[in-house]
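Q:
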Amino acid sequence: MRSRLELAHSWSAFTGYLILAGIPLLIALPSSARVDELVTPRLSMGSVFLVIATVLFAAYSLSFGLKGGTIKSVLAHVLFLLVLSLPYWTVFTGIVGHGLDRLLGALGYLGLYGACWALLGVPIGKRWPTEIAQFHIKYALLILALVTTFFVLQPLNPILMLSLWFGEGPLYEQRGFLLMGYLSLAIILGILVWWTAREEDRARVRDAPR
Amino acid sequence: MRRIGAWGLVMVALAATCGLAQPQIENVELGLGGRFLPKAFTPIVVSIRNDGIPRSVVLEIFQRAERGSLERVHRSLALGPQTRQHLSLDFPIKSVSAPLEIVLRDATGELAHFTKDVRQSWSESPLTLGIALQQRPPLAIIDIEIEELPKRWTSYEGVGRIFWGRADPARVSAEQRWALQGWLVRGGELIVLSGTNWHEQSPAPPWWEELLPIAEGHLVRRNGQEIFWLEGKPRPQAKVMLSPQGYPLAWEHPIGDGRVLLVASDVWPEELPLPTLSQARPAEEDLLIAQALASLTIPSPSRELIGIILILFVVVVGLSGVSATREARLPFWLGGIALALSVGLYSYQHGAAFSSEKHSVEMGVIQLVGPVSRESYWYGVFFQHSREDSLVVAADAISALSPGALPSSQQGLVRELTAGGEWRISLYGERNSTRFLKAERLREPWLSLRLDGSAVALANRAPVAVQDAIAYSAGAFYKLGTIPAQAELVRPLSGPMSQAAWLTTLTAERRRLWQQWGRLSHRTKLIGWIEDLRASPIGVTPGEHRTALYLVLVEGD
Numbered sequence: 026m027r028s029r030l031e032l033a034h035s036w037s038a039f040t041g042y043l044i045l046a047g048i049p050l051l052i053a054l055p056s057s058a059r060v061d062e063l064v065t066p067r068l069s070m071g072s073v074f075l076v077i078a079t080v081l082f083a084a085y086s087l088s089f090g091l092k093g094g095t096i097k098s099v100l101a102h103v104l105f106l107l108v109l110s111l112p113y114w115t116v117f118t119g120i121v122g123h124g125l126d127r128l129l130g131a132l133g134y135l136g137l138y139g140a141c142w143a144l145l146g147v148p149i150g151k152r153w154p155t156e157i158a159q160f161h162i163k164y165a166l167l168i169l170a171l172v173t174t175f176f177v178l179q180p181l182n183p184i185l186m187l188s189l190w191f192g193e194g195p196l197y198e199q200r201g202f203l204l205m206g207y208l209s210l211a212i213i214l215g216i217l218v219w220w221t222a223r224e225e226d227r228a229r230v231r232d233a234p235r
Numbered sequence: 109m110r111r112i113g114a115w116g117l118v119m120v121a122l123a124a125t126c127g128l129a130q131p132q133i134e135n136v137e138l139g140l141g142g143r144f145l146p147k148a149f150t151p152i153v154v155s156i157r158n159d160g161i162p163r164s165v166v167l168e169i170f171q172r173a174e175r176g177s178l179e180r181v182h183r184s185l186a187l188g189p190q191t192r193q194h195l196s197l198d199f200p201i202k203s204v205s206a207p208l209e210i211v212l213r214d215a216t217g218e219l220a221h222f223t224k225d226v227r228q229s230w231s232e233s234p235l236t237l238g239i240a241l242q243q244r245p246p247l248a249i250i251d252i253e254i255e256e257l258p259k260r261w262t263s264y265e266g267v268g269r270i271f272w273g274r275a276d277p278a279r280v281s282a283e284q285r286w287a288l289q290g291w292l293v294r295g296g297e298l299i300v301l302s303g304t305n306w307h308e309q310s311p312a313p314p315w316w317e318e319l320l321p322i323a324e325g326h327l328v329r330r331n332g333q334e335i336f337w338l339e340g341k342p343r344p345q346a347k348v349m350l351s352p353q354g355y356p357l358a359w360e361h362p363i364g365d366g367r368v369l370l371v372a373s374d375v376w377p378e379e380l381p382l383p384t385l386s387q388a389r390p391a392e393e394d395l396l397i398a399q400a401l402a403s404l405t406i407p408s409p410s411r412e413l414i415g416i417i418l419i420l421f422v423v424v425v426g427l428s429g430v431s432a433t434r435e436a437r438l439p440f441w442l443g444g445i446a447l448a449l450s451v452g453l454y455s456y457q458h459g460a461a462f463s464s465e466k467h468s469v470e471m472g473v474i475q476l477v478g479p480v481s482r483e484s485y486w487y488g489v490f491f492q493h494s495r496e497d498s499l500v501v502a503a504d505a506i507s508a509l510s511p512g513a514l515p516s517s518q519q520g521l522v523r524e525l526t527a528g529g530e531w532r533i534s535l536y537g538e539r540n541s542t543r544f545l546k547a548e549r550l551r552e553p554w555l556s557l558r559l560d561g562s563a564v565a566l567a568n569r570a571p572v573a574v575q576d577a578i579a580y581s582a583g584a585f586y587k588l589g590t591i592p593a594q595a596e597l598v599r600p601l602s603g604p605m606s607q608a609a610w611l612t613t614l615t616a617e618r619r620r621l622w623q624q625w626g627r628l629s630h631r632t633k634l635i636g637w638i639e640d641l642r643a644s645p646i647g648v649t650p651g652e653h654r655t656a657l658y659l660v661l662v663e664g665d
């Protein structure tokens, strides 16, 4: 695993994620209400939680990669963040009235998405080691990817995909779209794992005592 | 040989043509005498010819209205080969500008499409029908034969008044009789012109005799006039409406919300004004169900409990960071806590108390009037989550409502008549939306009572109990308690109380229902309540939480 300093940084990411995503979730929690109050249109804090929790998950996953480390340690951090956020997503699933199948489907996608960003962060972190450069690159990439995938390559947009999972419509009508999203992420992740592993091997050979 | 081959080919071609021939909608007739009242159920007769192979098809009727939800009626049909079918059903024509569309389809798609223009056929006021009239009143009357009288009470919805002339009531079939009685109970006005028509009208079957305001009717000539007048013994509830020169010329007999007028001569007396017909049902009737649904509280998992648990979890995660960074490894036990917490939260949120996907309220008024039990049900549903919904409704008429007090979804609605005679209502409920329906049916009376001095004999043939029943006699209320399901019993009439005292015993919901639909007259015999969902004509669907309340009113002579 990582050093104490790195884990302290990761821990602030875990806690920060839970606090930032938790605030809209707490506001979105429904209370028993009369029907006439419920049918009145209002801003859905549930949607706000969905967007914040998804975007932050990608951002923190990328941060894990930027800090460097082995594939195993980077992916373990992403998985740990996913597990820590599990109570949130469970509560959110209850708010929108869906079951375990949709929760697992959405988390599967989110995990894959975060893992891709985390592994993408590894070479970026090595190429631009300064924090300020990493900051600029991280958010530029995230914004570019999120905005672009609203128009092209939509199966790679986590907000669209999670909106489908936690949305109102039947999923069977969108199964092609969903399948494309999972397959795309799986392929990207496979390539990134292979490439990162190759780089790790090369670095090991390069750094080995002659 | 060549000729045989050619004939063979012709025969094959003919057979193929027959097989490929599509069913056709030959004609569509609507209304009574070609006229209809907008928004009321209108009888529609569709003539279908099938020259091809036997087919299972669906007949669909709809109207593309500019406003409001699209309502469709479906009916499955089995078309035999080389047959012609005439299918009759009732459909509410809501727009007078959009044509009525009738489509025949099967699994492969649309087979036939018929468009019926309705612009020239509508009437501003309820229709007035005339049967075998010799002397016509100065009104716009649609003449029809007895055989053309509707067989369903719903077909009468656009009819306000019927003049009955020289026609034998014995020619009315059992179905037509039921429909006519239902129409009367719901507010219809039957005017029987007797006089010389009496020879044809009498002797009449018992059901007809019971409708008339007088018994033992017979014709007389008065003061040496040539005109025949009817005389008879007025029934207890009948009243004389006009009596020039001291002789009754017209009697009235109330039947439910409607009435039967009997005129002693075969001419409508000019001195007796007829009220202008209007659509009887005021829209305010529907507001109560909207108010009841609006005030329904939808239970949710405790916001405070979940909030505190999540905050505590974040605190634990934050604090555990101290030990985690000291050991320089990810604390997997924290992952275990997160998993356990998730399982607990999931179980709590999906518990039985919060599992309903839709919450509904149903209110009903069951009026047992003479030969029929007239039942009206208002149904309001709140969809907590979006879902395709399918309701099975055992009623004669179903209509979508927009009460106005709550925004109602504008999504379409499909009514499908099943083989069992029930309706299957298909609709899509959006998340946090409401829908309203009204169902009506007429049944044989299932509760009877006989007041006998200081006791009342009751017979309840329904599978549900009538609760907190009250007998009404001579201006006083008598507590009868619960009348069990399928039971016959005798209860004493003791401890009379006033109406004000009785009203104080009602719950808020019952009082609201009584104030809206309750009515007290000298004909009222019993008031009771049912809260059992088995009394509902609207089937409960999985994931539905429904509260129901029905008012039972028994009236009699």
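Here the protein sequences line up with chains A and B, keeping their order. Per this note's numbering, numbering of the first sequence is gapless, rising by one per residue and ending at 235. Per this note's numbering, numbering of the second sequence is gapless, rising by one per residue and ending at 665. Beta carbons: idealized from backbone N, C-alpha and C, even for Gly. As the structure is a computational prediction, the values presented were derived from the model and not from experiment.
Count the other CB atoms, across all protein chains shown, that sit within 10 Å of the CB of E663 (chain B); report buried if there are 16 or more and exposed otherwise.
A: As a working note, residue 663 (chain B) is residue 555 in the second sequence. Buried: at least 16 other Cβ atoms inside 10 Å.
Q: Identify each residue in the region 180-211 of chain A for which the Cβ-Cβ distance to at least one residue of chain B is less than 7 angstroms, and report them in chain order.
A: E193
Q: So which residues of chain A does L404 (chain B) contact, with C-beta pairs closer than 8 angstroms?
A: Locating residue 404 (chain B) in the second sequence gives position 296, counting from the first residue. By Cβ distance, chain A contributes R59 and V60.
Q: Give the straight-line distance between the Cα atoms of E496 (chain B) and P55 (chain A), rounded to the nearest whole angstrom.
A: Here residue 496 (chain B) refers to the residue found at position 388 of the second sequence. Here residue 55 (chain A) refers to the residue found at position 30 of the first sequence. Near 24 angstroms, if we compare the C-alpha coordinates of P55 (chain A) and E496 (chain B).
Q: Going along the chain, which residues of its own chain have a beta-carbon closer than 6 angstroms to the beta-carbon of S28 (chain A), five neighbours each way excluded?
A: Counting from 1 along the first sequence, the entry for residue 28 (chain A) is found at position 3. Confidence at S28 (chain A) is low in this model, with a pLDDT of 48, below 50, so the placement of that residue should be treated as unreliable; the coordinate-derived value is given next. Result list for S28 (chain A): empty, nothing under 6 angstroms.
Q: Just to make sure I have the definition right: I need the residues of chain B whose C-beta is within less than 7 angstroms of the C-beta of V108 (chain A). Which are they?
A: Along the first sequence, one-based indexing puts residue 108 (chain A) at 83. Correct list: G443, A446 and L447.
Q: For the alpha helix (DSSP H) that A153 (chain A) lies in, which residues bound it at each end?
A: On the first sequence, residue 153 (chain A) is found 128 positions in, with the first residue counted as 1. It should be noted that the sequence gives Trp, not Ala, for residue 153 (chain A). W153 (chain A) -> no alpha helix (DSSP H), and no H or E assigned at all.
Q: If we call anything under 8 angstroms between Cβ atoms a contact, is A346 (chain B) one with P377 (chain B)?
A: For the purposes of this step, residue 346 (chain B) is taken as the residue at position 238 of the second sequence. For the purposes of this step, residue 377 (chain B) is taken as the residue at position 269 of the second sequence. Cβ distance not < 8 angstroms, so A346 (chain B) and P377 (chain B) don't count as in contact.
Q: According to DSSP, simplified to helix, strand and coil, what is W306 (chain B)?
A: Counted from its first residue, the second sequence places residue 306 (chain B) at position 198. W306 (chain B) falls in the helix class under three-state DSSP.
Q: If we call anything under 8 angstroms between Cβ atoms a contact, is L476 (chain B) one with P592 (chain B)?
A: Numbered from 1 along the second sequence, position 368 holds the residue referred to as residue 476 (chain B). Numbered from 1 along the second sequence, position 484 holds the residue referred to as residue 592 (chain B). Taking 8 angstroms as the Cβ cut-off, L476 (chain B) and P592 (chain B) do not qualify as a contacting pair.
Q: Hey, does G71 (chain A) have any beta-carbon neighbour from chain B nearer than 8 angstroms?
A: Here residue 71 (chain A) refers to the residue found at position 46 when the first sequence is read from its first residue. For G71 (chain A), the answer is no, since every Cβ of chain B falls outside 8 angstroms of its Cβ.
Q: Residues in the same chain with beta-carbon distance under 8 angstroms from S464 (chain B), minus the five sequence neighbours each way, listed in chain order, please.
A: Residue numbering aside, residue 464 (chain B) sits at position 356 when the second sequence is read from its first letter. If we look at S464 (chain B) and ignore the five residues flanking it on each side, its Cβ neighbours are Q492, G651, E652 and H653.
Q: Consider the Cβ of L87 (chain A): report whether some Cβ of chain B lies at a distance smaller than 8 angstroms.
A: For the purposes of this step, residue 87 (chain A) is identified with residue 62 of the first sequence, where counting begins at 1. Not closer than 8 angstroms to any Cβ of chain B, the Cβ of L87 (chain A) fails to qualify, so no.
Q: Looking at C-beta atoms only, is the number of pairs between the region 134-148 of chain B and the region 186-205 of chain B that lie closer than 8 angstroms three or more?
A: Contact holds: three or more Cβ-Cβ distances are below 8 angstroms.
Q: In its own chain, which residues sit with a C-beta less than 8 angstroms from the C-beta of T649 (chain B), not counting the 5 before and 5 after it?
A: Numbered from its first residue, the second sequence carries residue 649 (chain B) at position 541. Excluding residues within five positions, the ones whose Cβ falls inside 8 angstroms are K466, D497, S498 and L499.
Q: Going straight from the alpha carbon of P321 (chain B) to that of I506 (chain B), what length do you get?
A: Numbered from its first residue, the second sequence carries residue 321 (chain B) at position 213. Numbered from its first residue, the second sequence carries residue 506 (chain B) at position 398. Cα to Cα, P321 (chain B) sits roughly 33 angstroms from I506 (chain B).
Q: Taking 8 angstroms as the CB-CB cut-off, is G122 (chain A) touching chain B?
A: Locating residue 122 (chain A) in the first sequence gives position 97, counting from the first residue. For G122 (chain A), the answer is yes, since a Cβ of chain B falls inside 8 angstroms of its Cβ.
Q: Within 8 angstroms of any Cβ in chain E, is that where the Cβ of H458 (chain B) sits?
A: The structure shown contains no chain E; its protein chains are A and B.
Q: Can you give me the start and stop residues for the alpha helix (DSSP H) that A228 (chain A) sits inside?
A: The residue labelled residue 228 (chain A) in the question sits at position 203 within the first sequence. Run containing A228 (chain A): R200 to D232, per the alpha helix (DSSP H) assignment.
Q: Buried or exposed: where does W486 (chain B) fall if 16 or more other Cβ atoms within 10 Å of its Cβ makes it buried?
A: Translated into positions along the second sequence, residue 486 (chain B) becomes position 378. So W486 (chain B) counts as buried.
Q: Report yes or no: is there a C-beta of chain B within less than 8 angstroms of the C-beta of W142 (chain A)?
A: For the purposes of this step, residue 142 (chain A) is taken as residue 117 along the first sequence, with counting starting at 1. It does not: the Cβ of W142 (chain A) has no partner Cβ on chain B nearer than 8 angstroms.
Q: Applying the 10 Å Cβ sphere with the 16-neighbour rule, what's the burial state of R223 (chain A)?
A: The residue you call residue 223 (chain A) lines up with position 198 of the first sequence. Looking at its Cβ environment, which holds fewer than 16 other Cβ atoms inside 10 Å, R223 (chain A) is exposed.
Q: Is R127 (chain A) helix, strand or coil by DSSP?
A: As a first step, residue 127 (chain A) must be located in the first sequence, where it is residue number 102. Correct three-state label for R127 (chain A): helix.
Q: Please tell me whether C126 (chain B) has its Cβ less than 8 angstroms away from any Cβ of chain A.
A: Looking up residue 126 (chain B) in the second sequence gives position 18. Confidence in C126 (chain B) is poor, its pLDDT being 49 and thus under 50, which makes the residue's placement unreliable; the coordinate value appears in the next sentence. No, C126 (chain B) lies away from the interface with chain A (no Cβ there is under 8 angstroms from its Cβ).
Q: Three or more C-beta pairs closer than 8 angstroms, one from the region 186-197 of chain A and one from the region 115-133 of chain A: is that the case here?
A: The region 186-197 of chain A is in contact with the region 115-133 of chain A.
Q: Say whether chain A places a C-beta atom closer than 8 angstroms to the C-beta of L509 (chain B).
A: Within the second sequence, residue 509 (chain B) is the residue found at index 401, counting from 1. Cβ-Cβ to chain A under 8 angstroms: no for L509 (chain B).
Q: Counting only beta-carbon separations shorter than 8 angstroms, does P49 (chain A) have a partner in chain B?
A: Your numbering for residue 49 (chain A) matches position 24 in the first sequence. Answer no: the Cβ-Cβ gap between P49 (chain A) and chain B never drops below 8 angstroms.
Q: Please determine, among B:A398, B:Q519, B:L438 and B:I445, the residue with the shortest C-alpha to C-alpha distance to V60 (chain A).
A: Within the first sequence, the letter at position 35 stands for residue 60 (chain A). Comparing Cα positions, the closest option is B:A398.
Q: Quick one: which chain B residues come within Cβ less than 9 angstroms of G146 (chain A)?
A: For the purposes of this step, residue 146 (chain A) is identified with residue 121 of the first sequence, where counting begins at 1. Residues of chain B passing the Cβ test: none, with the nearest at roughly 18 angstroms.
Q: In angstroms with no decimal places, state the Cα-to-Cα distance between V348 (chain B) and P356 (chain B).
A: As a position in the second sequence, residue 348 (chain B) is number 240, starting the count at 1. As a position in the second sequence, residue 356 (chain B) is number 248, starting the count at 1. Those two C-alpha atoms are separated by around 6 angstroms.
Q: Suppose contacts are defined by Cβ-Cβ distances below 8 angstroms. Is L566 (chain B) in contact with L597 (chain B) by that definition?
A: Here residue 566 (chain B) corresponds to residue number 458 of the second sequence, with the count starting at 1. Here residue 597 (chain B) corresponds to residue number 489 of the second sequence, with the count starting at 1. In contact: L566 (chain B) and L597 (chain B) (Cβ atoms closer than 8 angstroms).
Q: Could you give the distance in angstroms between the alpha-carbon of S241 (chain A) and the alpha-carbon of W230 (chain B)?
A: No answer is possible for residue 241 (chain A): the residues shown for chain A start at 26 and end at 235.
Q: How is the beta strand (DSSP E) around G340 (chain B) delimited, first residue to last?
A: As a first step, residue 340 (chain B) must be located in the second sequence, where it is residue number 232. Run containing G340 (chain B): F336 to P342, per the beta strand (DSSP E) assignment.
Q: So Q284 (chain B) is in the alpha helix (DSSP H); what residue range does that whole segment cover?
A: By 1-based counting over the second sequence, the position of residue 284 (chain B) is 176. That run of the alpha helix (DSSP H) goes A282 to V293.
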